[in-house]
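These notes are about the structure you will find just below.
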Amino acid sequence: MPELSIRICVNGEWHELKVRPDERLVDSLRERLGLTGTKVGCGEGECGACTVNINGKAILSCLTLAVQAHGKQIVTIEGLRRGTELHPLQKTFADEGAVQCGFCTPGMIVAADAMLKKNPDPSEGEVRKTLSNNLCRCTGYDKPVKAILQAARILRGGNHE
Amino acid sequence: MNDHFSVIGKSAPRIDAIDKVTGGARYAPDLNLPGMLYGALLRSPYPHAKVAGIDATKARSLPGLRGIVTIEELPRIVGYWFFLRSEKKEKDMFLRDNVVRFIGDPVAAVAADDRETALAAVSMIEVNYEPLPRIFDPHDALKNTQVTLHDKGNKAFHVTKHFGNIEQGFKEADYVIENSFVTSKQKHAPIEPIGTCIADYDAAGKLTVYTSTQLPSWSQMYLARALGLPNSRVRVIKPYTGGAFGGRCGLVHGLEVMCAFLSKRTGKPVRMSFSRTEDFIGTETRHPMTIDIRTGVTKEGILTANSITILANAGGYSTHTIGVLANCLSTGVGLYRCPNVYFDATAVYTNQSLTGAFRGYGNPQMNFAQESQMDIIARDLGIDPIELRLRNYRGLGEIDPVFADEIRSEGLRECLARASEAFGWKERGSRRRADGTIRNGFGMAVMLHGTGAAGALPDPASAMVMIGSDGSVQLATSAADEGQGNRTALAQIAAEELGLGLDRISVSMPDTDLTPLDGGTHGSRQTYAGGLAVKKAAADAKRKLLVFAAKDLGTPEQDLHVRDGIISSAKDPSVHLKIGDLMRRVQISDMSVCEQIIGVSSGVAPAMPGYYGATFVEVEVDTETGEVRVAKLVGAFDVGKAINPANVEGQITGGAVMGIGWTLTEELLLKEGRVLNDSFKDYRILRACDVGEIVPIIVESSEPTGPFGAKGVGEGTMVGVAPAVANAIYDAIGARMKELCITPEKILEALDRIGVEKTHEP
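As you go down the protein sequences, you meet chains A and B in turn.
All letters in the first sequence, in the order written, are residues 1 to 161 by our numbering.
All letters in the second sequence, in the order written, are residues 1001 to 1762 by our numbering.
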C-alpha cells in the first residue's frame, strides 16, 4: 500500500509522517511517535482507553484514521504536563486514589480535560455522563469522578478541599 | 494496639500514580525490542475436532513470514502450581495431543515481520479438521460416556466431604429448605486485554519473557518445565499490568509457550498480543455452576444441617478447577457454625471456552446460593436477616472445620453494625417507595474469604531489603501489582518497619532474575503474605544496621531506635546518627568493611486468616421494563488493619461495581460453543452512569498473624453483592431470582409468574 504524507501537531510539536491509508491514528501515535500513554483496550470504540483530544474535542483514536488528523492539533496524555508540573487532573487522580491499574487513566484524564474546557463547573451527573465513554474495571468510578470534580475546582481557582 | 504509626494506616498516593497519570507507565503492549517479530494465532473454528493435518505451504511462501509452530509440537498447560509439588503430579500439568476442545483453541502460531503479514499467514494455513461429537451442557457431560473430552473422561474434578452427621442434622431441624441456584459465565475483562507477551531467546539459549502475569515465580517454573529448561534459564519480567482479577493467574492458553517456541525457531524476539475478541473467546472465565442447597434449621433459626451439591462447567480444559471447588468448600462450610454438613462438588469438561481463576475463586457462586438461602430462611421464619446471621456465624476463637485452624480475628459483627447503620437498615420501611412502575427493595448478605492459600496450596513469600549508601532502600519482591496497589502497601510496610519516609523506598517490578520466590498475586494475599515477608526482611535489615550503629555510637543495640532516617539512643537523644552517614561509611568510606546491608526473608505465610464483609443494597426495579438499578450499596469489610485506607476503599468500590455487573449485566453467552458477545458492545460491564451511590466502610479487627494486623480484602468485595442484590429484588417485587445474571427478561418472566401488578395504585 502506498504511504501518504501527513502533518500533525502533537502536544505542540509538528510532525511530518508517512502513514498507510488505513493506518489508525492510535498506531501512528504509539508506534511512529512512541507516545504509548494512549492505550488500546478494544480497538472498536467501546472502551475509551485510546481517547485523545483533536482541536479541543475528545475523540477515539482507534476509530480515527491518521490521515483524518492531517493539519490538526492533537493532545495526548503526554502533553498535559507543563514541564515537570502535573496538570490538575493528573494531580487529583494521583492524590485522590483514582488510579488503580492505570490502563484506562490516560483516556479518562484526556476526556475530562476536554470536558472541563467546555464546562468548567460540571455537576457530578455531567462528570459521570462524560466518564461513561471510558470503561474502568478497577475503581468503580467513584474516585475518578471525585478527582475530576476536585480538578475542576482547582482549575476554577477554588480552594483545594 | 499501638496506633502511632508514621507511614502505614495513611492514604499515601500510590508509588506508581505519577507514572500512570502522565502516560509514562509501560505495559506489555507498549514494549518493543529491536528486531522483534509479531506473532498471531490460528484458532479452531470447531468446538471439538481432531487436527488430522496442517498444511502451511502457502503461508510459508509469504514474504516476511519467519516461523510457524503447531499444537502437535507444543505442550498445553492444564494445571496450576499445586501440580508442581511432585514430579508425578507435574506430568498432569501438561497435555500434548492434536485435539481442539473449544472454538478459539489455538492450532498454530506464526511469527512475521509485521502484524499484517502474521495475520495474512494465519489465514493461509490449511487445516484438515475431523470434527468430533461435542458436548456443551454439563449435565450431559456427566452422563455421557460415549463422548469424552479427555482420556480420563469428562470429570475434571470431584470432591465429597462430610462434617458431623447430616441425617441426624436434618432430623433435628424444624424446617428443611431446599433450593437450586445457577450462576453465569463472567469474563474478567480488564481494560488491558489478557494476552500480551514478548519472548526472547538469547544466543546462549536463555529465555526472557515479558508478560503481564499474576504469578512471576510459578510462570517461570511452568515455562521451564514446558520447554525443558532449568528454572535459572527462564527469566520472567512483569511490566505494569492493566488489571487481572484472576485472568492472568498462570500462563495464558496459547500465549507464552507459543511465543517462546517461535522465538527459539526464528532466533528473534517475538511479541504476541491478543485482541479484545481473542480475550473474550480464548482466555479463561468464571466457572458457571449449578448449586443445590438443602438446609435444616430450628424454629429459632439455628442451622442444623446443610447439604451442598455443585456441578461446575469447566469448559474444554481445566487449570484452577480443583482450587475453585476447594474454595467453594472452605467458604461454604467456613462461614456458618452448622455442625452437620455434606458437600459434594463435581466439575466437568465441555466444549465451551476456558475457565480458571476469577476474583472470589468460586466463593461468589457459593455465596450467591448460600446467602440467598439464608434470606429465604429469614423470611420463612420471620427472623431479621442480620439476626439470623448473628445467630449462626462462626466467630472469634472458634475452629474452622476445613483447615482445623482457630479464628484469631473477626470483624463481622462490626461490619454488620456499621454497614446497617450507614445504610439505614432499621429505617428501611419508611424508605419504601412505589413511584409509577418503580418498586424499591432492600437486601443484604455477608461473606467470609480466606487470605492467601497457606495450608491449601504452596504459599511462599519472600523479600529483600537493600539499604543504599545514602540510606535509601530498594525493596526487591516478586509480588505482582496488577493495579490493586500492593507495591505501595509493601513500601509503606517497609518504611514503617525501618523508620524511614515512604519517599526513601523504591519497590522493584517482578523480575525472576532478581526478585525472589513468591506465591503470586491471588487470594487477596499480597498485603498479608507479601507484607509479612517485607516486614521481616526490613526487620532483618534494621537489626544488621543497628549492629553497625551500636559500634559507631558506643550504645547497645537494644537502646537504639530509628525514626525519619535518624538512629538515636532511647536513653540519650543527643546520641544520634543519620542512616545515610552510617551507610556511606559502611559501604564505601571504611575500606575494611565495604558491606551492603541486605535484609532477607523467605517462607510460607503462617496462616490463611479469613476476612469478613457485609453488603447492603437498595435496588429499584422497573416492573414495566424489568430493569434493575442498584441505587445504593454499602460494603463494610474487616481487613484486619488498612495499610492504605484509600486503596482499601478502591477495592471495596471496584469490587462492588464488578459484583453488580456480574449480577445484572455480565454473562458470556455461548451457542453451540460459539461466544455470541465477544465485544464490550455486547458484553456489558458497568459504566460510570450506571453506578449509584457506593459507600465503602473499613473495619479493623487486627489479625495477630498479619503485618501490623493486616489481612486481605481484594476478592471478597464482590462476593456478597449478587445475593444482596437478589435479596433486595425479592424485597422489591416478591420474586426470588435464583439464576444469574438477572436480566430484564428474567424479571419480567418472574413478574408474570407471580402475577404482580405492574402499575401502582396510590
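Ideal Cβ positions, reconstructed from N, Cα and C, are used throughout, including at glycine.
Sorted by chain position, which residues of the same chain lie with C-beta nearer than 8 Å to residue i's C-beta, five sequence neighbours on each side aside?
{"i": "M1 of chain A", "result": "R20, P21 and D22"}
{"i": "E1300 of chain B", "result": "R1391"}
{"i": "D1384 of chain B", "result": "A1378"}
For a contact defined as C-beta to C-beta under 7 Å, what are the partners of residue i on chain A?
{"i": "R1687 of chain B", "result": "S132 and L135"}
{"i": "Q1352 of chain B", "result": "Result: empty, since nearest Cβ-Cβ is about 23 Å, beyond 7 Å."}
{"i": "P1606 of chain B", "result": "By Cβ distance, chain A contributes nothing, its closest Cβ being about 28 Å from P1606 of chain B, past 7 Å."}
If I measure Cβ to Cβ from residue i and keep anything under 6 Å in the same chain, skipping five residues before and after, which residues do I get?
{"i": "P1762 of chain B", "result": "The predicted model places P1762 of chain B with a pLDDT of 36, which falls under 50 and marks its position as unreliable, so this point remains unresolved."}
{"i": "G1661 of chain B", "result": "I1685 and L1686"}
{"i": "F1442 of chain B", "result": "R1428, E1618, A1728 and D1731"}
{"i": "F1763 of chain B", "result": "Here chain B comprises residues numbered 1001 to 1762, so residue 1763 of chain B is not present and cannot be evaluated."}
{"i": "D1470 of chain B", "result": "G1580"}
{"i": "D1678 of chain B", "result": "T1277, F1280 and I1281"}
{"i": "H1320 of chain B", "result": "Y1080, G1356 and A1357"}
{"i": "E1387 of chain B", "result": "none"}
{"i": "K1268 of chain B", "result": "G1035 and L1037"}
Please decide whether residue i counts as near chain A, where near means a Cβ-Cβ distance under 9 Å.
{"i": "T1665 of chain B", "result": "no"}
{"i": "P1609 of chain B", "result": "no"}
{"i": "M1583 of chain B", "result": "no"}
{"i": "A1782 of chain B", "result": "Because residue 1782 of chain B is not part of the residues shown, which for chain B are 1001 to 1762, the question remains open."}
{"i": "S1275 of chain B", "result": "yes"}
{"i": "A1646 of chain B", "result": "yes"}
{"i": "K1681 of chain B", "result": "yes"}
{"i": "A1189 of chain B", "result": "yes"}
{"i": "G1205 of chain B", "result": "no"}
{"i": "P1510 of chain B", "result": "no"}
{"i": "G1082 of chain B", "result": "What sits at residue 1082 of chain B in the sequence shown is Phe, not Gly. With 9 Å as the cut-off, F1082 of chain B does not count as an interface residue toward chain A."}
{"i": "R1014 of chain B", "result": "yes"}
{"i": "G1242 of chain B", "result": "yes"}
{"i": "K1758 of chain B", "result": "Caution is warranted here: a pLDDT of 47 is assigned to K1758 of chain B, below 50, making its placement in the model unreliable, and the coordinate value is therefore given only provisionally. Not an interface residue."}
{"i": "P1193 of chain B", "result": "yes"}
So which residues on chain B does residue i lean against when the C-beta distance must stay under 7 Å?
{"i": "Q106 of chain A", "result": "A quick correction: the sequence has Pro, not Gln, at residue 106 of chain A. What P106 of chain A touches in chain B: G1023."}
{"i": "G140 of chain A", "result": "T1653, G1654, A1656, V1657, V1691 and I1694"}
{"i": "G12 of chain A", "result": "Within chain B, no residue comes near G12 of chain A; the closest Cβ sits about 15 Å away, beyond 7 Å."}
Beta-carbon of residue i versus every beta-carbon of chain B: anything under 9 Å?
{"i": "P144 of chain A", "result": "yes"}
{"i": "I74 of chain A", "result": "no"}
{"i": "V67 of chain A", "result": "no"}
{"i": "A9 of chain A", "result": "At residue 9 of chain A the sequence reads Cys, which differs from the Ala that was named. No, its Cβ sits nowhere closer than 9 Å to a Cβ of chain B."}
{"i": "V19 of chain A", "result": "no"}
{"i": "H160 of chain A", "result": "Confidence at H160 of chain A is low in this model, with a pLDDT of 47, below 50, so its placement is unreliable and no value can be given for it."}
{"i": "L89 of chain A", "result": "yes"}
{"i": "R30 of chain A", "result": "yes"}
{"i": "E3 of chain A", "result": "no"}
{"i": "I77 of chain A", "result": "yes"}
What does residue i touch in chain B if you count any residue whose Cβ is under 8 Å from its own?
{"i": "L86 of chain A", "result": "I1018, V1021 and T1022"}
{"i": "R81 of chain A", "result": "T1022"}
{"i": "E44 of chain A", "result": "R1276, S1679, F1680 and K1681"}
{"i": "I148 of chain A", "result": "Going along chain B, no residue has its Cβ under 8 Å from I148 of chain A, so there is no contact; the nearest lies around 10 Å."}
{"i": "V40 of chain A", "result": "P1029"}
Name the chain A residues that come within less than 8 Å of residue i, Cβ to Cβ?
{"i": "R1026 of chain B", "result": "T36"}
Name the chain E residues that come within less than 7 Å of residue i, Cβ to Cβ?
{"i": "A111 of chain A", "result": "This model lacks chain E altogether, as its protein chains are A and B."}
At a CB-CB cut-off below 9 Å, which residues of chain B make contact with residue i?
{"i": "K129 of chain A", "result": "A1688 and C1689"}
Identify, in the order they occur along the chain, each residue of the same chain with its Cβ nearer than 7 Å to the Cβ of residue i, setting aside the five sequence neighbours on each side.
{"i": "A1012 of chain B", "result": "T1488, Q1492, L1502 and N1644"}
{"i": "G1332 of chain B", "result": "I1308, F1343, M1366 and Q1370"}
{"i": "M1221 of chain B", "result": "L1084 and N1231"}
Taking 8 Å as the cut-off, is the beta-carbon of residue i closer than that to any non-hydrogen atom of the ligand NAD?
{"i": "L60 of chain A", "result": "The ligand NAD is not part of the structure shown, which contains no ligands of any sort."}
For the region 1478–1493 of chain B, enumerate the residues whose C-beta is nearer than 8 Å to any C-beta of chain A, in chain order. Cβ contacts with chain A: E1482, G1483, Q1484 and G1485.
Cβ contact check for the region 1431–1439 of chain B and the region 1406–1414 of chain B: 3 or more pairs under 8 Å: No, the region 1431–1439 of chain B is not in contact with the region 1406–1414 of chain B.
Any chance the region 1054–1070 of chain B sits against the region 110–121 of chain A, with 3 or more Cβ pairs inside 8 Å? no
Quick one: which residues of the region 48–59 of chain A get their C-beta closer than 8 Å to a C-beta of chain B? List them in chain order. A49
Using 8 Å as the cut-off, can you tell me whether the region 66–74 of chain A makes contact with the region 118–129 of chain A, which would need three or more C-beta pairs spanning the two stretches below that distance? no
Counting pairs of beta carbons, one from the region 1603–1612 of chain B and one from the region 1561–1579 of chain B, are three or more of them closer than 8 Å? no
At a CB distance below 7 Å, what residues from the region 90–101 of chain A approach chain B? Give them in sequence order. Q90, F93, A94, D95, G97, V99, Q100 and C101
May I ask you to list, following chain order, the residues of the region 1126–1156 of chain B that have a beta carbon less than 7 Å from some beta carbon of chain A? none
Taking three-plus beta-carbon pairs below 8 Å as touching, is the region 102–113 of chain A in contact with the region 1246–1253 of chain B? no
Is there contact between the region 1710–1722 of chain B and the region 1524–1533 of chain B, where contact requires at least three CB pairs shorter than 8 Å? Counting C-beta pairs with one atom in each stretch, the region 1710–1722 of chain B and the region 1524–1533 of chain B have three or more that are closer than 8 Å, which means they touch.
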